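**Student:** Next up is a structure, given as structure tokens.
Number of protein chains: 2
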Amino acid sequence: MEAVLQALSDESRRTMLEALSAGPVTAGELAALLPIARPGVSRHLRVLREAGLVDVRQDAQRRIYSLRPEPLAEVDAWLSRYRALWEQRLDALNTEVTRGKRERRSTR
Amino acid sequence: MEAVLQALSDESRRTMLEALSAGPVTAGELAALLPIARPGVSRHLRVLREAGLVDVRQDAQRRIYSLRPEPLAEVDAWLSRYRALWEQRLDALNTEVTRGKRERRSTR
DNA sequence: GCTATATGTACCTTGATCGTTACGTAACAA
DNA sequence: TTGTTACGTAACGATCAAGGTACATATAGC
């Protein structure tokens, strides 16, 4: 959890996760997306690996990374302790759509 | 968003948010909860303030902090781009409760 | 074996961050 | 006004994170 939020706090790493959400990508392809040099990407990938957010599979010289979204569910679970609070506030602002929001909330 | 995730990446600050989720708290009370000295707490509070996660109100000498959960909704929105991915995986593990999960997911 | 390709690691530098102690400030209380 | 309480800020040292360059490793192809 600590490691996951730490990993998510970096813009480059979030960009990498977004790219990975479309499917497996090699380290080189990820590096091409970012304004930093490849060794930096390698280190970011290590952080993501240690946070459990990616899996690696080797294919010849290539390392193919894929997203492992489970740790994000932990973040979501942590966040859910606050969800009621902000939804309450949003409801106060948009009272005209209260009925729809209440329906949705009741199923969580 | 950047500032919010940055703020959330620290354990002490998350502890402060948790305390604040029960209601407004003074800076001193927050400091008492943490293993660090008050000046450190003050700086953490500044980070939370700059991320928009807390509001301050002055009451005589005291500064009363209250949680402002709206920025957490942004994090939730970012996270929601991945929610389908991890729910898919969890469903694969717990196929027996698929019906309940699918109901919930369809309303998000 | 030799070279090219793909990637990670080591090492260095710079800038941010965390905590501490010391100090400044503002509001009450006597 | 003097002291006390409750904060914040400044300045400092230590640690950490992010980037780059240079190098090591491993696989594929010849």
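So the sequences go chain by chain: A and B. With this note's numbering applied, the first sequence corresponds to residues 1 to 108, in that order. With this note's numbering applied, the second sequence corresponds to residues 1 to 108, in that order. For glycine and all other residues, C-beta sits at the position ideal for the given N, C-alpha and C. Given the structure is predicted, the values throughout are model-derived calculations rather than measurements.
#1: Hey, is the region 3-14 of chain B in contact with the region 8-15 of chain A, meaning 3+ C-beta pairs nearer than 8 Å?
#2: Name, please, each residue of chain B whose Cβ falls closer than 9 Å to the Cβ of L67(A).
#3: Pull up the distance between the alpha-carbon of A60(A) and that of L53(A), whole angstroms please.
#4: For the alpha helix (DSSP H) that Q6(A) lies in, which residues bound it at each end?
#5: Got a sec: is the Cβ-Cβ distance from E74(A) to anything in chain B below 7 Å?
#6: When you compare each of E2(A), T15(A) and A3(A) to E2(B) by their alpha carbons, which one comes out closest?
#7: Classify A25(B) as buried or exposed, calling it buried when 16 or more other Cβ atoms lie within 10 Å of its own Cβ.
#8: Measuring straight from C-alpha to C-alpha, what distance separates E29(A) and R49(A)?
#9: Please go through the same chain and pick out, in chain order, the residues whose beta-carbon is closer than 8 Å to the beta-carbon of A23(B), but skip the five residues on each side of it.
#10: Mind checking L33(B): buried by the 16 CB within 10 Å criterion, or exposed?
#11: Can you tell me which residues form a DSSP beta bridge with V54(B)?
#12: Mark R81(B) as exposed unless 16 or more other C-beta atoms lie within 10 angstroms of its C-beta, in which case mark it buried.
#13: Looking at E70(A): is its Cβ nearer than 7 Å to the Cβ of W86(B)?
#14: So that I know if they touch, is there some Cβ in chain A lying closer than 7 Å to that of L5(B)?
#15: Who are the neighbours of R89(A) on chain B, taking C-beta pairs under 7 Å?
#16: Using CA coordinates, which residue listed in L17(B), R57(B) and Q58(B) is at the minimum distance from V41(B)?
#17: Below 7 Å between beta carbons is the criterion; list the residues of the region 11-22 of chain A that meet it against any residue of chain B, in chain order.
#18: Here's the rule: buried if 16 or more other CB atoms are within 10 angstroms of the residue's CB, otherwise exposed. What is A51(A)?
**Tutor:** Result, derived from the coordinates:
#1: As far as the Cβ criterion goes, the region 3-14 of chain B touches the region 8-15 of chain A, which means the pair count is three or higher.
#2: Within chain B, the residues near L67(A) are Y82 and L85.
#3: Going by the C-alpha atoms only, they are around 23 Å apart.
#4: Its alpha helix (DSSP H) spans residues E2 to L8.
#5: It does not; no Cβ of chain B falls within 7 Å.
#6: When E2(A), T15(A) and A3(A) are compared, the shortest CA-CA separation from E2(B) is found for T15(A).
#7: Checking the sequence, you will find Val at residue 25(B) rather than Ala. Under this definition V25(B) is a buried residue.
#8: Taking the straight line from one Cα to the other gives about 17 Å.
#9: The displayed chain sequence assigns Gly, not Ala, to residue 23(B). Apart from sequence neighbours up to five positions away, the residues of its chain that approach G23(B) with a beta-carbon distance below 8 Å are S66, ordered along the chain.
#10: In the assembly as shown, L33(B) is an exposed residue. Its beta-carbon has fewer than 16 other beta-carbons within 10 Å.
#11: V54(B) is bridged to L67(B).
#12: So R81(B) counts as exposed.
#13: Taking 7 Å as the cut-off, the Cβ atoms of E70(A) and W86(B) count as close.
#14: Between L5(B) and chain A, the shortest Cβ-Cβ separation is below 7 Å.
#15: The contacting residues are P69 and E70.
#16: The residue with the shortest Cα to Cα distance from V41(B) is L17(B).
#17: Under the 7 Å Cβ criterion, the region 11-22 of chain A contributes E11 and S21.
#18: With 16 or more Cβ atoms within 10 Å of its Cβ, A51(A) is classed as buried.
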